[in-house]
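Encoded as structure tokens, the structure appears first; notes follow it.
There are 2 protein chains.
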Amino acid sequence: MTKAQITPDWIAVDWGTSNLRAWAMDASGKVLAEATSQEGMGKLARDGFEPALLRLIGPWLENGPAPVFACGMVGSRQGWCEAPYRSVPCTPLDPAAQVTAPTNDPRLSVHIAPGLKQTQPADVMRGEETQIAGALSLMPGYDGILCLPGTHSKWAQISAGEVVSFQTFMTGEMFALLSEASVLRHGLQGDGWDDTAFVVAVSDALSRPERLGARLFALRAEGLIAGLAPPAARARLSGLLIGTELAAARPYWLGQRVTLVGAAKLSAAYARALKAQGIDAQHLSVTDCTLAGLSSLALQTEAAR
Amino acid sequence: MTKAQITPDWIAVDWGTSNLRAWAMDASGKVLAEATSQEGMGKLARDGFEPALLRLIGPWLENGPAPVFACGMVGSRQGWCEAPYRSVPCTPLDPAAQVTAPTNDPRLSVHIAPGLKQTQPADVMRGEETQIAGALSLMPGYDGILCLPGTHSKWAQISAGEVVSFQTFMTGEMFALLSEASVLRHGLQGDGWDDTAFVVAVSDALSRPERLGARLFALRAEGLIAGLAPPAARARLSGLLIGTELAAARPYWLGQRVTLVGAAKLSAAYARALKAQGIDAQHLSVTDCTLAGLSSLALQTEAAR
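Order-wise, the sequence lines are chains Z and P. Okay, so the first sequence: first residue is 10 according to this note's numbering, each after it adds one. Okay, so the second sequence: first residue is 10 according to this note's numbering, each after it adds one.
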């Protein structure tokens, strides 16, 4: 089957800062095809979005138009077209709040989902609201906590189908900066992992979170004077950062039902850290949740026509 | 007076990862001339150190040789010639532990000061030991705490002329990474400063240090949804990081005599933060301390001949 023969009923798009992902979908929510490019929001000027999208999904439109439902940074002020934040407490998605992007190609109709904001403490999300909506459609009636680990990890309290409150942590970005750009990079080479070092570091950070700043340089010093191995150093850095996040997010998870929505490996690290605190977290795939969230938008938008 | 007419008795060198600084000194410890280049240790292969040094101090050797006393990363394993760490507790410098770098130019004799290491908790310093020695020669009989703010801030406990223990914090490097390379950079433009925002953030971080991870992203969110001004955001980021450092370094400063050895602006921020906790810290210039430390090495080395 060539790309040109795919005839989707609608197209799902997750358009972040670094990447653009699209899925050709049928009416039942089944994935017919998938495509990815590096043309993330961060690399595009306003007039670059439509061409970038057409480069990726053009082949799927050869047999006729299909509406596009998109989420992520594409709806930010620096994106294609701003979709103003909705304020929590609210449902994660509202079909009526979608914004239609300006397009030149008559085959294109692009609906962009707005993100969510919280006034006190100030916080924002874009893209994760769609994952949350998807998680709720995959787990109807879910009441509890969703944790979405990633570059900017989010913890969200869900009740009666609404996002009640949420909190963002820069854990993933800190790990990337410290392991790739700081003096610590010299002792963290490779992809090795030492699970014991991870669990000890999580527990250490949870019990004395204020020591994070002091513990980081020790990774370098132990590498220099005590031969700390890179797999142990990587796992300990991850454990210190995730443990510090768990310390601050304690009101979210302590005694709560927790579901992780994220990449498999990172979610497994969070699950391991939570397990050591007595929390058995479930896990949903982030792609499954994104597609379920966009599917619910596509269905409700069609139904409202 | 042209450069060629300078005839130093000895030459002081502070050779860090990013920069190389040299001072032509007379026998009384007076600075005759100063020179700086960007040829830091991080940019040089082993055989690049001698030519880099000659490019900078060559004009000072035209009337005859002068011994060079150097400190900093030049003595690390990746430097010109490794000067193995000495273990605390010990005096900050020991003339007998200096290492002589291999040289080809017969006019050059280069003495490199070793750094210090601590086994538990693991920690290392290179360059700061010379500043500490200088601070002690500028304040004879000093007993108390030295705080050396910078890329990697150090806190050192001094007693009876020895470094008893020390602790490194990556505060300066974290500020640089977060303000230049993270998502926060969008809201931190310019050099503006809001002193109230700084002091509030220090106090906030000291009272709830475990919330650092959560407070960082709020800087971005408040910029987006509440118009947080860049000067307030910069000052708050600095205050959160310094406050978190103070929280972990509390055993070092609480009820102690504290002297700051660092760049003027950064030291002023630390002094402001400590003042709010009831600590009146003195301040010494980092260059004065480096030169006083290297002077003591030069004098003792000459005396031992």
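The C-beta atom is built at its ideal place from N, Cα and C for all residues, glycine as well.
Is the number of C-beta pairs between the region 20 to 33 of chain P and the region 73 to 84 of chain P that are closer than 8 Å three or more?
Segments in contact, yes.
Is K12(P) close to chain Z? Criterion is C-beta to C-beta, closer than 7 Å.
Taking the first residue of the second sequence as 1, we reach residue 12(P) at position 3. The predicted model places K12(P) with a pLDDT of 48, which falls under 50 and marks its position as unreliable, so this point remains unresolved.
Can you say whether R229(P) is buried or exposed, counting buried as having 16 or more other CB atoms within 10 angstroms of its CB?
Mapped onto the second sequence, residue 229(P) falls at position 220. That one is buried.
Determine the contact status of Q47(Z) and V295(Z), defining contact as a CB-CB distance below 7 Å.
As a position in the first sequence, residue 47(Z) is number 38, starting the count at 1. As a position in the first sequence, residue 295(Z) is number 286, starting the count at 1. Not closer than 7 Å, so no.
Rounded C-beta distance between A144(P) and W202(P)? I'm assuming under 8 Å.
If you number the second sequence from 1, residue 144(P) lands on position 135. If you number the second sequence from 1, residue 202(P) lands on position 193. The Cβ separation is near 27 Å, so there is no contact.
Should R194(P) be counted as a contact of the ligand ZN given a C-beta to heavy atom distance under 6 Å?
Summarising the ligand content, the structure contains no ligands, and the ligand ZN is consequently not present.
Quick check: what's the CA-CA separation for V211(Z) versus A42(Z)?
Against the first sequence, residue 211(Z) aligns to sequence position 202. Against the first sequence, residue 42(Z) aligns to sequence position 33. Straight-line spacing of the CA atoms in V211(Z) and A42(Z) works out to 40 Å.
Look up A159(P) in the DSSP assignment and say whether it is helix, strand or coil.
If you number the second sequence from 1, residue 159(P) lands on position 150. Just to set this straight, residue 159(P) is Gly in the shown sequence, not Ala. Note: G159(P) maps to coil in three-state DSSP.
Assuming contact is defined by CB atoms lying nearer than 7 Å, are G49(Z) and G25(Z) in contact in what I supplied?
For this step, residue 49(Z) is matched to residue 40 along the first sequence. For this step, residue 25(Z) is matched to residue 16 along the first sequence. Taking 7 Å as the Cβ cut-off, G49(Z) and G25(Z) qualify as a contacting pair.
Within the region 20 to 86 of chain Z, note down every full alpha helix (DSSP H) run reaching 4 residues or more, in order along the chain.
List check, alpha helix (DSSP H) in window: 58 to 66.
Closest Cβ-Cβ distance between Q176(Z) and chain P: below 7 Å?
The count along the first sequence starts at 1 and reaches residue 176(Z) at position 167. Closer than 7 Å: yes.
Compare the C-beta of M134(P) against all C-beta atoms of chain Z and say whether one is closer than 7 Å.
The sequence position of residue 134(P) within the second sequence is 125, counting from 1. Taking Cβ atoms only, chain Z never reaches closer than 7 Å to M134(P), which makes this a no.
Please tell me whether L233(P) has its Cβ less than 7 Å away from any Cβ of chain Z.
Within the second sequence, the letter at position 224 stands for residue 233(P). By this cut-off, L233(P) is an interface position.
If you draw a straight line from the alpha carbon of D103(Z) to that of V173(Z), how long is it in whole angstroms?
In the first sequence, residue 103(Z) corresponds to position 94, counting from 1. In the first sequence, residue 173(Z) corresponds to position 164, counting from 1. If I take the Cα positions, the gap works out to 15 Å.
Against K126(Z), what residues of chain P qualify as contacts under a CB-to-CB distance less than 7 Å, listed in chain order?
The count along the first sequence starts at 1 and reaches residue 126(Z) at position 117. In chain order, I234 make up the part of chain P whose C-beta sits under 7 Å from the C-beta of K126(Z).
Helix, strand or coil, according to DSSP, for G287(Z) in the structure here?
Within the first sequence, residue 287(Z) is the residue found at index 278, counting from 1. Shown here, G287(Z) sits in coil according to DSSP, grouped into three states, outside any helix or strand.
Compare the Cα-Cα distances from P158(Z) to each of A313(Z), S276(Z), L283(Z) and P260(Z) and report the closest residue.
Counted from its first residue, the first sequence places residue 158(Z) at position 149. With distances taken between Cα atoms, P158(Z) lies closest to S276(Z).
Of the residues A142(P), A92(P) and P260(P), the one placed nearest T299(P), counting alpha carbons only:
Reading the second sequence from its first residue, position 290 is the one you call residue 299(P). Checking every option, the nearest Cα to that of T299(P) belongs to A142(P).
Could you tell me if D132(Z) is buried or exposed, where buried requires 16 or more neighbouring beta carbons within 10 angstroms of its beta carbon?
Taking the first residue of the first sequence as 1, we reach residue 132(Z) at position 123. Burial call: buried.
Run through chain P and tell me which residues come within less than 9 Å of T180(Z), C-beta to C-beta.
Along the first sequence, read from residue 1 onward, the residue named residue 180(Z) stands at position 171. Correct list: G222.
Quick one: grab the DSSP three-state call for Q129(P).
Residue numbering aside, residue 129(P) sits at position 120 when the second sequence is read from its first letter. Note: Q129(P) maps to coil in three-state DSSP.
Quick check: is the beta carbon of A227(Z) nearer than 7 Å to any beta carbon in chain P?
Mapped onto the first sequence, residue 227(Z) falls at position 218. Cβ-Cβ to chain P under 7 Å: yes for A227(Z).
Three-state secondary structure (DSSP) at M10(P)?
Within the second sequence, numbered from 1, the residue matching residue 10(P) stands at position 1. Confidence in M10(P) is poor, its pLDDT being 46 and thus under 50, which makes the residue's placement too unreliable to answer from.
Strictly under 7 Å for the Cβ-Cβ distance: is T253(Z) near chain P by that measure?
In the first sequence, counting from the first residue as 1, residue 253(Z) sits at position 244. Yes, contact with chain P.
Counting contacts by CB-CB distance shorter than 7 Å, is E91(P) in contact with chain Z?
Your numbering for residue 91(P) matches position 82 in the second sequence. By the rule that beta-carbons nearer than 7 Å mark a contact, E91(P) does not touch chain Z.
In three-state DSSP terms, what is C90(P)?
For this step, residue 90(P) is matched to residue 81 along the second sequence. Coil, per DSSP.
The region 89 to 102 of chain P touching the region 114 to 127 of chain P, judged by at least three CB pairs closer than 8 Å:
Segments in contact, yes.
Helix, strand or coil, according to DSSP, for A301(Z) in the structure here?
On the first sequence, position 292 is the one that residue 301(Z) refers to. A301(Z) carries a helical assignment under DSSP once its states are collapsed to helix, strand and coil.
DSSP three-state label for R245(Z), please.
For the purposes of this step, residue 245(Z) is taken as residue 236 along the first sequence, with counting starting at 1. DSSP, read as helix, strand or coil, puts R245(Z) in helix.
Spatial neighbours of P98(P) in its chain, beta-carbon cut-off 7 Å, leaving aside the 5 residues before and after
Residue mapping note: residue 98(P) aligns to position 89 of the second sequence, counting from 1. E171, V172 and V173, listed in sequence order.
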